[in-house]
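Number of protein chains: 2
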Amino acid sequence: MRSLHLAGPEDAEKLLKLQSDFHTEIGIDSDADHRLQAIAPLLDGSPHGAIWLIGPRRAPVGYIAVTFTWSLEFGGLEGVIDELFIRPKVRKRGMGGEALSGIVKSLAEAGVRALSLEVDMTDDATQRLYRRNHFLPREGYQTMTRLL
Amino acid sequence: MRSLHLAGPEDAEKLLKLQSDFHTEIGIDSDADHRLQAIAPLLDGSPHGAIWLIGPRRAPVGYIAVTFTWSLEFGGLEGVIDELFIRPKVRKRGMGGEALSGIVKSLAEAGVRALSLEVDMTDDATQRLYRRNHFLPREGYQTMTRLL
Numbered sequence: 005m006r007s008l009h010l011a012g013p014e015d016a017e018k019l020l021k022l023q024s025d026f027h028t029e030i031g032i033d034s035d036a037d038h039r040l041q042a043i044a045p046l047l048d049g050s051p052h053g054a055i056w057l058i059g060p061r062r063a064p065v066g067y068i069a070v071t072f073t074w075s076l077e078f079g080g081l082e083g084v085i086d087e088l089f090i091r092p093k094v095r096k097r098g099m100g101g102e103a104l105s106g107i108v109k110s111l112a113e114a115g116v117r118a119l120s121l122e123v124d125m126t127d128d129a130t131q132r133l134y135r136r137n138h139f140l141p142r143e144g145y146q147t148m149t150r151l152l
Numbered sequence: 005m006r007s008l009h010l011a012g013p014e015d016a017e018k019l020l021k022l023q024s025d026f027h028t029e030i031g032i033d034s035d036a037d038h039r040l041q042a043i044a045p046l047l048d049g050s051p052h053g054a055i056w057l058i059g060p061r062r063a064p065v066g067y068i069a070v071t072f073t074w075s076l077e078f079g080g081l082e083g084v085i086d087e088l089f090i091r092p093k094v095r096k097r098g099m100g101g102e103a104l105s106g107i108v109k110s111l112a113e114a115g116v117r118a119l120s121l122e123v124d125m126t127d128d129a130t131q132r133l134y135r136r137n138h139f140l141p142r143e144g145y146q147t148m149t150r151l152l
C-alpha cells in the first residue's frame, strides 16, 4: 500500500502532532514528554511494536500504532492496534479501512497470527469499521488490569 | 518468592504436562507439537514473554505464563497473564495468589508498568482471585480479533 509508511525516529515530530490531536479529540490529557517517551522505542525498532504513517510521508493525515505480544493459543505473535487516527478533515473517504487492509496484509506476510484491539462498546462507528474488516468481537470476556 | 522459578528449555517437558492438564480441564483441544512450538520461544528468552513454574522446580504444581506488549498509554511494557494453572489437588491453599504477588513484585522491579488479563465474565472464582490482588475490570470495552 503506497500510503502507509513505517515511521522512524525522523518522523517523531509529525507523529507527536497527530497524536496530540487524537488525544485532545478523545479527551486524554497526555503531555508531549510522556508521549515521546512512549513512542520513541517503537520508532527505534523495538520488537514490541511499530507505527505507520497514513498518507503522504511528508504530510501524513493519520497513523496506526500496532504493538506485538505473544499468544500461546495461536502459537505466535499477535498484533494489537493500540491507536488508529485519521484527521477529521479527511474522514469518510475509506482511508481507515484502506490502512487496516494494508496493515493486515503486511503483518500476515510477516507471520503474525492475529490482530486485535479493544473497542469502546458504545462506539458504533468504530465497531462497524472493524466488523467490515473481518474483526469479530470476543464476547463474554473482560480485561482486568493492575497498575504496577 | 522461593516457589516461583523462571522456566528454561530444560523445563519444557514438565511444563507441557501441566499445560496439557490445564487445557483438558478448560476444554481446549491442543496438541503437544503446537504447544511446544508456542512455549519454546518463551523458554529460550524471547522478549515477548516468560513462564514461571510454581512450587518446587523438580515437581512443580502449576505455572504462570506472562506475555509482554507495549502500552502507549502507560509509556512502557505491559504484561498480560496468558495462562495461570494450579493442579486441582493443591488448590484453595493460596498458591495462586502467592504466585500472583511474586510475579507482580518481580515485574514491577523490572519496570513493567501494568499487568492485565482477560477473564471469563461468568467465572466468579477467577474474578475474585484477581480482585483480591488489586486488578480492576476495564468496563465498557470489548476485544475484537481478526485471525491472519
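From first to last, the protein sequence lines stand for chains S and Z. Count the first sequence with my numbering and you get residues 5 to 152, in order. Count the second sequence with my numbering and you get residues 5 to 152, in order. Ideal Cβ placement from N, Cα and C applies to all residues, glycine included.
First through last residue of the alpha helix (DSSP H) which encompasses residue i
i	result
S/D128	D128 to R136
Z/E17	A16 to I30
Z/A69	Careful: Z/A69 lies outside any alpha helix (DSSP H), inside the beta strand (DSSP E) at G66 to S75.
S/L47	A36 to L47
S/M99	M99 to E113
Pair within 8 angstroms by beta-carbon distance, residue i and residue j
i	j	result
Z/G115	S/A42	no
Z/R39	Z/L20	yes
Z/G59	Z/G49	no
S/L133	Z/L152	no
Z/H9	Z/R61	yes
S/A69	S/I90	no
S/V94	Z/R150	no
Z/F72	S/T126	no
Z/G100	Z/L88	yes
S/V176	Z/M148	In the structure displayed, chain S extends from 5 to 152; residue 176 of chain S sits before or after that span and is not available.
S/Q146	Z/R136	no
Z/L47	Z/D86	no
S/L81	Z/H138	no
Z/P64	Z/K18	yes
Z/A11	Z/L57	yes
Start-to-end residues for the beta strand (DSSP E) that takes in residue i
i	result
S/E87	G80 to I90
Z/L10	L8 to L10
Residue i: contacting residues in chain S (beta-carbon distance under 8 angstroms)
i	result
Z/Q24	A small correction: the amino acid at residue 24 of chain Z is Ser; Gln does not occupy that position in the sequence shown. Within 8 angstroms Cβ-Cβ: nothing; Z/S24 doesn't reach chain S, min ~13 angstroms.
Z/T126	G144
Residues that residue i contacts on chain Z, provided the C-beta gap is smaller than 7 angstroms
i	result
S/G53	W74
S/H38	G79
S/L152	V108, L111, A112, V116, R117, A118 and L119
Partner residues on chain S for residue i, Cβ-Cβ distance less than 7 angstroms
i	result
Z/D48	The contacting residues do not exist; Z/D48 stays about 12 angstroms from chain S at best.
Local conformation of residue i per DSSP, three classes
i	result
Z/G53	strand
S/A118	strand
Z/P141	strand
Contacts that residue i makes with chain Z (C-beta to C-beta distance below 9 angstroms)
i	result
S/V123	Y145, Q146, T147 and M148
Contacts that residue i makes with chain S (C-beta to C-beta distance below 9 angstroms)
i	result
Z/A42	W74, S75, L76, E77, F78, G79 and G80
Neighbouring residues, chain Z, relative to residue i (Cβ below 8 angstroms)
i	result
S/L140	M148, T149 and R150
In chain order, what residues of the region 84-115 of chain Z put their CB closer than 7 angstroms to some CB of chain S?
V84, D86, E87, V108, L111 and A112
Please identify, using Cβ separations under 8 angstroms, the residues of the region 56-71 of chain S that lie next to chain Z, in order along the chain.
A69 and T71
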